[in-house]
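Protein sequence lines, in the order shown, are assigned to chains A and B. My numbering applies: residue 2 is where the first sequence begins, and numbers increase by one. My numbering applies: residue 403 is where the second sequence begins, and numbers increase by one.
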Amino acid sequence: MSAEFAIDVRGMTKTFSGRTVVNGIDMQVRTGTVCGFLGPNGSGKTTFIRMLCGLLRPDGGSGTCLGHDVIAGSEAIRREVGYMTQRFSFYEDMSIAENLDFVARMYSVPDRKRAVDESLEKLGLAGRRRQLAGELSGGWKQRLALAACLIHKPKLLLLDEPTAGVDPKARRDFWDQIHGLASQGLTVLVSTHYMDEAEKCHTLAYLAYGNLLAYGSPKEIAQGSSLEEVFIRLMEGSPDNYES
Amino acid sequence: MREHTFFSPARLWAIVVKEFIQMRRDRLTFGMMIGIPLLQLILFGFAINSDPKHLATAVLVADHGPQGRTLLQSIRASGYFDYVRQVSSEPEGEELLSRGDVQFLVTIPVQFSRELLRGARPTILIEADATDPAATGNALASLQTLIRGALEHDLKGPLGYLSPGIDPVELRIHPRYNPEGITQYNIVPGLMGVVLTMTMVMITGLAITRERERGTMENLLSMPTRPLEVLLGKIIPYILVGYVQVGLILTAAKVVFHVPMQGSLILLLAVAMLFIIANLAVGITFSTLARNQLQAVQMTFFLFLPSILLSGFMFPFRGMPRWAQYIGELLPLTHFLRIIRGILLKGNGIAEIRGQVWQIALFAVVAVVIGVIRYRRTLD
């Protein structure tokens, strides 16, 4: 099953006690591409991502994610998606290997032991497998989280500000890896605040206060000027320009 | 305005106001601050009666003469004994006593009236379930004077010769199951139930709230897993912990307190498993209801307090008013106490404890079901 779009949703809406956080967003992400998700804090990026992987129930909207209905098929979606949360959400009182093993078990990964070993090897964590996750630095935690998200070989990666608080070298390695994965057919939706990262994406979606303000390739959006300027202009021109 | 360098009443007040606001927002803590003293007041003030009356009593009447009836009437008039059953044979009465359905069995022997009139001092037998000495002590103490007073009235006129001096009737009391009235025999097995209630509920009470507080819940929810898997996965490891506690207390009961162990230990261990699961399930349910770990601990206390006071652990169950007994019946600890005391002290087997076992099982099932329903699969 290699559909044209990994994500194909329309009118995705979510309100929290009367406040619309995501307001009728349409989005299509082509299979095997990296889509950058931008926008100020509180613009609804995390909420949108959580709706895609079934962590939040949309109040409105329809469509498919990996060919499954985005609402009714959330169980099937969970199995094929790797979701990396904004805050490190693995068990700090468990070792690196124990965390990976837990995740592999939860997704019923075949030949679990080898899958864990391979993933440790690939990420260069093999030598620290017994180290507690809580003792890792930010960069290593991020690597571990990514390794854990990939262990069940998902078709879609949802990354919520994966490089926040990570040093430049680790960020570059991270993006190299993301592009490597995309070239193997994996679709990636990644939210970020870094413009240099935005430029590395195939398409960009700019979200502000729940509304999708711009969508297209970095070139289309920039139209000659810098991305950063375009986004600042978009933000200032946004109708609901308030802190939330 | 003056500068307050060392102490500013205004700042103090600001903090006082802030604390009140936060206190009001934190409903559960607020509820606990009001609820616990209220609960204690009600329980200690009304529910707990160290001189329990209206204890369920069965009578075995083998002689239908008038004196026997008089005697039974005056025993009832003391207020300590409520005749709930009339049995026709000794084994039938024994069974009621062993199941804990009645606290006393009063036997009026054959030919009671005739022997009384002959001055032969017939025996009245009163068997008491003395597993909890506090429940029976006063009732038994009242009997001797009671009986003499009752017959005084009848033994007048022509029968006056029977009255003076020695008692016309011999009263024989059999405190069963714990004849020496050793309090530890009652308390120590009970303690197993209390310890399990406290720790098991607390342990799993923290299980889900901890995930939520540490942020790992988001990850867990994004994985393909069912609520029942998560809930049972969190219950099962602690069954082992529960058994460690059971082992400790049983050893102490045997070695330190020399508590008699009449019944089957295997049966006790099997029932303990059910009781442990019931408590873990309540904890899990609390965990799905509470928003953070502190709330989960607070909820534990809400269960723990009535469990200790209304289960018959601290005070005789039959000494409590009806409404308190109804609440007590809802608590798994109440039933577990009856089972463990029954097995250890009375040598109860499956037949006698069956009625209590299914109530614990029902409680566990209800708790798991509420937990599964309340377990949120999303972050909404």
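We put the CB at the ideal spot given by N, CA and C, even for glycine.
- Counted as a single uninterrupted DSSP element, the stretch harbouring B:Pro626 is not any alpha helix (DSSP H), since DSSP gives it neither H nor E.
- Residue state for A:Lys15 is assigned as strand, using DSSP reduced to three classes.
- Taking a cut-off of 8 Å on C-beta distances, the region 702-711 of chain B touches the region 726-739 of chain B, as three or more cross pairs fall below it.
- For the region 65-99 of chain A, residues whose beta-carbon sits nearer than 7 Å to a beta-carbon of chain B comprise Glu76, Arg79, Arg80, Tyr84, Thr86, Arg88, Ser90, Phe91 and Tyr92.
- At a cut-off of 8 Å between beta-carbon atoms, A:Arg20 makes no contact with chain B.
- Residue contact check for B:Asn621 against chain A: a CB pair falls below 8 Å.
- With the rule of 3 Cβ pairs closer than 8 Å, the region 654-661 of chain B does not count as touching the region 736-745 of chain B.
- In the displayed model, A:Ser63 falls within a strand according to three-state DSSP.
- For A:Arg113, no Cβ of chain B is located within less than 8 Å of the residue's own Cβ.
- B:Met663: not part of any alpha helix (DSSP H); DSSP gives it neither H nor E.
- At a cut-off of 8 Å between beta carbons, B:Pro626 contacts chain A.
- Annotation for B:Arg578: the continuous beta strand (DSSP E) segment containing it runs Glu572 to Arg578.
- About 7 Å separates the beta carbon of A:Glu93 from that of A:Leu133, a gap short enough to meet the 8 Å contact definition.
- Note that the region 675-685 of chain B touches the region 635-647 of chain B; at least 3 beta-carbon pairs, one per stretch, sit closer than 8 Å.
- Per DSSP, reduced to three states, the secondary structure at B:Leu652 is helical.
- B:Thr538 sits close to B:Ala532, with the two beta carbons spaced by under 8 Å.
- Going by DSSP, B:Leu764 is part of the alpha helix (DSSP H) stretching over Ile752 to Arg776.
- Under the 10 Å beta carbon count, A:His153 is surrounded by 16 or more other beta carbons and is classified as buried.
- Contact holds between the region 537-551 of chain B and the region 478-498 of chain B, because three or more Cβ pairs, one in each stretch, are under 8 Å apart.
- For B:Asp531, the secondary structure class from DSSP, reduced to helix, strand or coil, is strand.
- At a C-beta separation below 8 Å, A:Tyr195 has no neighbours in chain B, since its nearest C-beta there lies roughly 23 Å away.
- A:Met13 is outside the set of residues whose beta carbon lies under 8 Å from a beta carbon in chain B.
- At least one C-beta of chain B is nearer than 8 Å to the C-beta of A:Leu57.
- Under DSSP, B:Tyr485 takes part in a beta bridge, and its partners are B:Thr459.
- Taking the Cα positions, A:Gly125 is about 53 Å away from B:Phe422.
- In this chain, the alpha helix (DSSP H) harbouring B:Tyr728 covers Arg724 to Leu732.
- Annotation: A:Tyr108 is outside any beta strand (DSSP E) and is labelled neither H nor E by DSSP.
- At a cut-off of 8 Å, the C-beta of B:Gly617 has a neighbouring C-beta in chain A.
- C-alpha of A:Asn24 to C-alpha of A:Thr14: approximately 5 Å in a straight line.
- As a beta-bridge residue in DSSP terms, A:His69 pairs with A:Cys66.
- Contact between B:Phe506 and B:Thr459 is confirmed by a C-beta separation of about 4 Å, below the 8 Å threshold.
- In this structure, DSSP gives A:Arg129 a helical state, which the three-state scheme calls helix.
- Runs of the alpha helix (DSSP H) lying entirely within the region 147-211 of chain A and spanning at least 4 residues, in chain order: 169-184 and 196-199.
- Taking a Cβ-Cβ cut-off of 8 Å, the neighbours of B:Leu781 in chain A comprise Arg51, Leu56 and Leu57, given in sequence order.
- The beta carbon of A:His203 sits closer than 6 Å to those of Thr34 and Val35, all from its chain and outside the five residues before and after it, given in chain order.
- Residues of chain B whose Cβ lies closer than 9 Å to the Cβ of A:Tyr108 are, in chain order, Met625 and Pro626.
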